[in-house]
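Notes to accompany the following structure.
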Amino acid sequence: MAPQDTGTYVTNMDFGHLFELMLGALRDIPRSGLMIGALAAVIFSWIGAAMARKRVPFGRLISSLSTLCLLGILAAIVLQLSRFDPAFDLSFPQIGLAEQVVEGGETRVPLAADGHFWLTANVNGQPTEFLIDTGATLTGLSANAANAAGLVPRSGGLPVRIQTANGVIAADLTTIDELRFGNVVARGLDAVIAPNLADKNVIGMNLLSRLASWRVEGNVLILVPNNPQPALEAGG
């Protein structure tokens with residue numbers, strides 16, 4: 048049997064998919080199991096520290112491994128909270144996201160590992176990552192994303208205050224000449240520029256309401272435009 052080309056295998060591995068599987072597995076661990084594991088890790092860490100003080104072999108190793116296990120358990124708990132509680136709204140827009148695809152006149156957006164729907168859209172021709180947020184009235188961009196797309200606040204416009212999971216923030220109104228993704232295009236779209244969004248951009252209901260329909264089936268968000276456009280590849 049010919050030896051396998053391990054170099055090719057490593058090169059062709061889908062690390063993004065592996066990352067999503069890892070996060071999904073962490074989120075599916077029962078909360079009770081995590082609590083029991085955390086308690087066990089604390090106990091073993093205390094035992095290991097006591098052994099290390101008495102110079103018992105492997106005491107320091109037991110303590111270190113227990114601490115690492117505890118950190119892993121805490122990370123899993125935070126990931127679980129981030130999925131169900133907007134106050135812990137963690138997301139990973141640049142890490143291993145599955146791309147949206149166009150099928151049968153629909154743009155299909157798969158659920159990401161962080162429990163959110165993300166897509167890549169062109170804002171005035173500038174590729175930009177967006178979180179789809181049905182709880183947001185307006186589409187919003189961070190200051191960095193707005194600057195990259197050449198967006199500026201409306202002349203003479205007053206700042207608006209918008210509600211987010213982290214509280215009320217100030218934002219400036221702007222207009223996106225064209226926002227395009229999949230087979231969807233929106234022109235003359237109202238949006239807000241919110242410096243306090245950090246690097247998170249959101250697609251709100253003012254864009255979704257322009258569609259013929261949208262729905263969630265399983266782990267896929269399906270967007271159906273009124274006038275389907277030629278498919279735009281993610282990031283294209």
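This note's numbering puts the sequence shown at residues 48 to 283.
Think of the CB as a built atom: it goes at the ideal place given N, C-alpha and C, for glycine as much as any other residue.
| Check | Outcome |
| --- | --- |
| In the DSSP assignment, what are the bridge partners of ILE216? | ILE209 |
| So, for PRO272: in the same chain, excluding its five sequence neighbours on each side, which residues have a beta-carbon less than 7 Å away from its beta-carbon? | ASN230, VAL231, LEU258 and ALA259 |
| Quick check on THR221: buried or exposed, where buried means 16 or more other Cβ atoms within 10 Å of its Cβ? | buried |
| Look at the Cβ atom of ARG107, then the Cβ atom of ALA97, and state whether they are nearer than 8 Å. | no |
| Under the rule that 16 or more other beta-carbon atoms within 10 Å means buried, what is PHE105, buried or exposed? | exposed |
| For THR154, which residues in the same chain have their Cβ closer than 6 Å to its Cβ, ignoring the five residues on either side in sequence? | GLN147, GLY229, ASN230, VAL231 and LEU270 |
| Rounded to the nearest angstrom, what separates GLY187 and ALA241 at their Cα positions? | 7 Å |
| Alpha carbon to alpha carbon, how far is THR114 from GLN171? Give it in angstroms, no decimals. | In the sequence on display, residue 171 carries Asn and not Gln. Between ASN171 and THR114, the C-alpha separation is close to 48 Å. |
| Helix, strand or coil for PHE105? Go by DSSP, reduced to three states. | coil |
| Quick one, which of ILE223, LEU268 and ALA190 has its alpha-carbon nearest ASN169's? | ILE223 |
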